[in-house]
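Here's the structure we're looking at; comments come further down.
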């Protein structure tokens, strides 16, 4: 059964899905499986790993294992919410930019405005741009989600636009035009569903990227703040003790962050390589619709 599952969906997809699934389970059940609360003081300062504290304690006396287990509740929530918001915003913008490019004055102008706006947003280094946005909005999970969604939107806009530019030349689009459908209806009824596959496969990769950005912003003090359990905060807090030999407060959160990003990247790569059955099915239905209309 395992071989059949791997053969059907790919080893990357299965492995990445397993890592992501484990992360979600840890986020959901962290309060039940962690020895201490995420902000609970144990009374032991910088205790080395072993015995009662498998990951040791930090300089405030909080259990590193418990905080590492609780951290996905913040990082995953921010990364998932920011990516999905960027995806939802990118769908209509990418569709309009691709479907109406070089098609009429108003449509062409709208497409140019959208794409030039994306160019401006991507002209700055991503981390610096996200840092500036969070600095303007203020620190906190909600503002972090809004800032990361704003940064990630151009990726989805360009991906959807690319798919739309290819598909708008297909015969079923011409058939729908002859049938009297408006270009906007054609775009969202027939063209967009076929262009969503590649963009949807990016969601997993962008969630991992958003989690990395969240940790980076928290590391420099512009994201989540102490005493909230978050990997970037924990790495930043523990880095002060590296020079004195206490490596565990930052090592275990860092390894967890790397493992998480690897899992999301692996899942996204597997989804990108796998054939999009839903997309190909929708494309076939579009062709069959055109054949019924004019065949």
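In this note's numbering, the protein residues as written are 50 to 344.
For every residue, glycine included, the Cβ atom is placed at its ideal position computed from N, Cα and C.
Rounded Cβ spacing between residue i and residue j (contact assumed at less than 8 Å)
i: residue 104; j: residue 301; result: 5 Å
i: residue 89; j: residue 106; result: Not really, about 11 Å apart at Cβ, beyond 8 Å.
i: residue 132; j: residue 256; result: 5 Å
i: residue 244; j: residue 213; result: 5 Å
i: residue 208; j: residue 247; result: 6 Å
i: residue 236; j: residue 148; result: 4 Å
i: residue 120; j: residue 279; result: 5 Å
i: residue 62; j: residue 287; result: The pair is not a contact, with the Cβ atoms about 34 Å apart (cut-off 8 Å).
i: residue 125; j: residue 76; result: 5 Å
Any C-beta of chain C under 8 Å from that of residue i
i: residue 141; result: You won't find chain C in this structure, because it holds only one protein chain.
Residue i (DSSP reduced to helix, strand or coil)
i: residue 107; result: coil
i: residue 94; result: coil
i: residue 282; result: helix
i: residue 290; result: coil
i: residue 57; result: Because the pLDDT of residue 57 is 49, which lies under 50, any placement of that residue in the model is unreliable, and the number read from its coordinates should be weighed accordingly. Helix at residue 57.
i: residue 171; result: coil
i: residue 297; result: helix
i: residue 271; result: coil
i: residue 228; result: coil
i: residue 149; result: coil
i: residue 322; result: helix
i: residue 314; result: helix
i: residue 223; result: helix
i: residue 139; result: helix
i: residue 87; result: coil
i: residue 303; result: helix
i: residue 187; result: coil
i: residue 341; result: With a pLDDT of 49 at residue 341, under the threshold of 50, the modelled position of that residue is not reliable, and the figure given next carries that caveat. Helix at residue 341.
i: residue 329; result: Bear in mind that the predicted position of residue 329 carries a pLDDT of just 46, short of 50, making it too unreliable to give a figure here.
Residues that residue i bridges to, as DSSP identifies them
i: residue 99; result: 102
i: residue 112; result: 106
Opening and closing residue of the alpha helix (DSSP H) in which residue i lies
i: residue 72; result: 60-82
i: residue 277; result: Segment: none, residue 277 is in no alpha helix (DSSP H) and carries neither H nor E.
i: residue 208; result: 190-216
i: residue 250; result: 241-268
Beta carbon of residue i nearer than 8 Å to that of residue j
i: residue 113; j: residue 277; result: no
i: residue 128; j: residue 284; result: no
i: residue 201; j: residue 135; result: yes
i: residue 210; j: residue 240; result: no
i: residue 181; j: residue 274; result: no
i: residue 270; j: residue 263; result: no
i: residue 206; j: residue 167; result: yes
i: residue 254; j: residue 267; result: no
i: residue 2; j: residue 316; result: Residue 2 lies beyond the residue range present for the chain, which begins at 50 and ends at 344; the question has no answer from this structure.
i: residue 145; j: residue 130; result: no
i: residue 87; j: residue 108; result: no
i: residue 163; j: residue 197; result: no
i: residue 265; j: residue 176; result: yes
i: residue 204; j: residue 251; result: yes
i: residue 258; j: residue 68; result: no
i: residue 299; j: residue 291; result: yes
i: residue 322; j: residue 59; result: yes
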